Amino acid sequence: MVKYTWFKLNSYFDDRHNKSIEQLNSGKKWCQYALDIFMRNKVKAEHHRVTRLSTQQQAHQVDTPHNPGTTGHGDQTHGVNLLQRTCTCQKWKLYKIPCSHVIAVCIRYRHDAEQYIDPCYSVDALFLSYAPVFPALKDRLSWPDPNETRKVDLDMVNKNLKVLGWGRCYPRRHLFPSLRARYVLSNRAREKMFPCCTSDWGCTLKTASM
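Below you can see the structure in the form of structure tokens.
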């Protein structure tokens with residue numbers, strides 16, 4: 057399973073790396089994912105109405121027409137500030153790709169809207185993301201001894217238990233965020249981990265409000 061996951065991930069990286077090289081050689085600046093979203097937003101922008109509020113601050117108001125096919129049914133007003141790179145719809149901030157409102161402003165005043173696409177969507181960034189080469193797996197003779205298991209520091213566990221009454225031990229939330237199980241422990245292990253517990257079945261562990 058480990059080998060399968062390793063080589064599957066390596067194949068994924070190698071394939072994406074080769075595709076990024078092809079896109080670089082073809083002169084593409086942005087990855088296809090970003091371009092698809094950008095073009096869809098550009099089509100929507102053709103129907104928006106733009107009003108300039110401040111030339112110096114590059115602030116604009118964008119009104120969208122009524123559109124029953126959308127979630128909000130249109131008839132919305134948004135504020136776009138190119139200087140601060142903000143839009144009140146928050147989609148520009150969320151996706152880091154100009155929303156239709158920003159593109160509408162750029163079309164109205166002849167700005168290059170693509171300059172507002174975040175560099176993380178560039179083909180150069182795509183190339184660098186998948187550039188690392190996976191090393192060959194080590195030979196089985198150099199693998200760690202299977203008898204070497206991860207050991208639990210019982211003293212550490214015991215110090216971080218909040219004891220609430222006899223027979224109930226509640227581990228701290230930050231150490232065991234989702235622990236809710238019943239453990240059957242040996243007498244010696246139970247005495248070390250839960251000195252308050254006298255049950256043959258060990259303690260019922262629950263997350264406690266701290």
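Going by the working numbering, the residue at position 32 of the sequence shown is 88; the numbering climbs one at a time, nothing skipped. From the three backbone atoms N, C-alpha and C, an ideal C-beta is built for every residue, glycine too. Only a predicted model underlies this, so the values are computations on that prediction, with no experimental measurement involved.
8 Å Cβ cutoff met for residue i and residue j
i    : j    : result
A115 : N97  : no
S156 : H104 : yes
V179 : Q113 : no
H134 : T144 : yes
Straight-line gap, residue i to residue j (C-alpha atoms, nearest Å)
i    : j    : result
Q117 : D71  : 44 Å
Y60  : F190 : 14 Å
M57  : L184 : 28 Å
C162 : A181 : 25 Å
K194 : Q88  : 37 Å
L150 : A192 : 38 Å
W199 : Q146 : 50 Å
S76  : S82  : 10 Å
L65  : T111 : 50 Å
V99  : D92  : 11 Å
K84  : D201 : 49 Å
Neighbour-count burial assignment, residue i, 16 or more Cβ in a 10 Å radius
i    : result
Y165 : exposed
C176 : exposed
P188 : exposed
A101 : buried
W148 : buried
Beta-carbon contacts of residue i that lie in its chain and below 7 Å, excluding the five residues immediately before and after
i    : result
T107 : H116, Q117
A90  : I153, I173, Y177
L109 : A115, H116, Q117
L139 : Q113, Q114
D256 : Interpretation of D256 is limited by its pLDDT of 45, a score under 50 that renders its predicted location unreliable; no figure is taken from the coordinates.
Chain-order list of residues whose beta-carbon lies under 6 Å from that of residue i (same chain, five-residue window excluded)
i    : result
D174 : K152
Whole-angstrom C-beta distance between residue j and residue i, which should lie under 8 Å
i    : j   : result
Y186 : F63 : Incorrect: roughly 16 Å between the Cβ atoms, too far for contact.
Neighbourhood of residue i by C-beta, 8 Å cutoff - its chain only, sequence neighbours within 5 removed
i    : result
F94  : W86, I153, P154, I159, A169, E170, I173
H73  : F183, Y186, A187
H167 : L138, V161
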